[in-house]
Amino acid sequence: MKNVMLLTGAGQIGMAIARRMGHGMKIIIGDKNPQNANVISEIMNNAGFDTNPFEMDISSRGSILEIISEAQKYGEISMLVNAAGVSPSQAPIEAILKVDLYGTAVLLEEVGKVIAKGGVGVTISSQSGHRMPALSPEEDEQLALTPTEELLALDILQPKNIRDTLHAYQMAKRCNEKRVMSEAVKWGEREARINSISPGIIVTPLAIDEFNGPRGDFYKNMFAKCPAGRPGTADEVANVAELLMSEKGAFITGSDFLIDGGATASYFYGPLRPKD
Ligand SMILES: NC(=O)c1ccc[n+]([C@@H]2O[C@H](COP(=O)([O-])OP(=O)(O)OC[C@H]3O[C@@H](n4cnc5c(N)ncnc54)[C@H](O)[C@@H]3O)[C@@H](O)[C@H]2O)c1
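Be aware that the sequence shown starts at 75, since it is given in this note's numbering, and climbs by one per residue.
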């Protein structure tokens, strides 16, 4: 039996974190697109890792339970890396809420029931959640504590209250941060930790879709005018994940880490500030 890592989302960010933390582990790579899971699995196996691809959909509880059972065939799950998601240019409002908001909440809940003693998890949120104005304390609490099966019925998530796909994405990412806080309490009962990372623009296929999508100029302007003056790389996100998932992060749980080259700072107090 080995220590097992569950990686959901076979994209660049997920792979960078899995490569940083997954040596010596059995890594089960889940993705809705089997092609993506196969490609990442092959790259990692050719680099000395022990991975298996697995077709799954994080927006389905049944599918999440299936990948958990598959992973448990090899040992106890001691690491979770959730980097599955769809961006505002890739999907309609309903799909963004189902995958990024509901799916992440269910995954944290189900893995939290079985995570090994001393286990750790990270889920990828986004700077987008930091840009949206504060919600009311009641709304934050609803996102944090509403039972997963009732989340999508919340009034704040109904079509009349969601302006567009970007707003849906921002609500999903805000919810991720709140769920990480509430789940950290439960994971703590198993001496396990869970945190989120909120990246800015990281060059991956998902970001490239955004550069070529309706908000392409907005994104290009954003990295040009952020203090770092460039987009980030998945390996830089892995630097943060390494801190959070290693012994050095033993006192960090229920927290969210913004890594955006200063884009959020510039959005509030610098040249990226919206004109009106
Ligand atoms: N790239 C960025 O600039 C950026 C910025 C902020 C946040 N993020 C977040 O990082 C995460 C990973 O994004 P990435 O840039 O590595 O993208 P990516 O496109 O490289 O990878 C995302 C993967 O998730 C998979 N996926 C989509 N829906 C799924 C579902 N329902 N079930 C299982 N798998 C599914 C896709 O098939 C894809 O392989 C996402 O949550 C995204 O919102 C990315």
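We treat Cβ as the ideally placed atom computed from N, Cα and C, and that holds for glycine.
Query, Result
"Nearest-angstrom Cα separation, counted from residue 300 out to residue 122", "37 Å"
"beta-carbon residue 83 near ligand 1 non-hydrogen atom, thresh 6 Å", "yes"
"Ordered list of alpha helix (DSSP H) runs contained in the segment 173-253, each at least 4 residues", "178-188, 202-205, 211-219"
"CA-to-CA distance, residue 336 to residue 312, given in whole angstroms", "18 Å"
"heavy atom of ligand 1 below 6 Å from residue 278 C-beta", "yes"
"6 Å Cβ shell around residue 159 - same chain, five flanking residues per side excluded", "174"
"For residue 191 and residue 288, the rounded distance between their alpha carbons", "45 Å"
"Under 7 Å between C-beta atoms of residue 170 and residue 239", "yes"
"For residue 101, the three-state DSSP class (helix, strand or coil)", "strand"
"Beta carbon of residue 155 nearer than 7 Å to that of residue 226", "no"
"Cβ pair residue 206, residue 244 closer than 7 Å", "yes"
"Candidates 346, 118, 332: closest to residue 92 by CA position", "118"
"Three-state class that DSSP yields for residue 130 in the structure shown", "coil"
"Close-in-space but distant-in-sequence residues of the same chain around residue 228 (CB under 7 Å, 5 per side omitted)", "216, 220"
"Rounded straight-line distance, which links the Cα of residue 250 to that of residue 179", "7 Å"
"Cβ-heavy atom distance, residue 91 to ligand 1, below 6 Å", "no"
"Touch test, the segment 264-281 against the segment 320-331, Cβ-Cβ under 8 Å, three pairs minimum", "yes"
"Inter-residue Cα distance where the pair is residue 242 and residue 127", "29 Å"
"C-alpha gap between residue 223 and residue 135, whole angstroms", "10 Å"
"Beta-carbon proximity of residue 272 to residue 201, cut-off 7 Å", "yes"
"Beta-carbon proximity of residue 186 to residue 257, cut-off 7 Å", "yes"
"Residue 169 beta carbon near ligand 1 (any heavy atom closer than 6 Å)", "no"
"Cβ-heavy atom distance, residue 158 to ligand 1, below 6 Å", "yes"
"Span of the alpha helix (DSSP H) around residue 282", "279-285"
"Length of the line joining the Cα atoms of residue 345 and residue 142", "45 Å"
"Beta-carbon separation (whole angstroms), residue 194 vs residue 145, contact threshold 8 Å", "Actually they are not in contact, since the Cβ atoms of residue 194 and residue 145 sit about 15 Å apart, beyond 8 Å."
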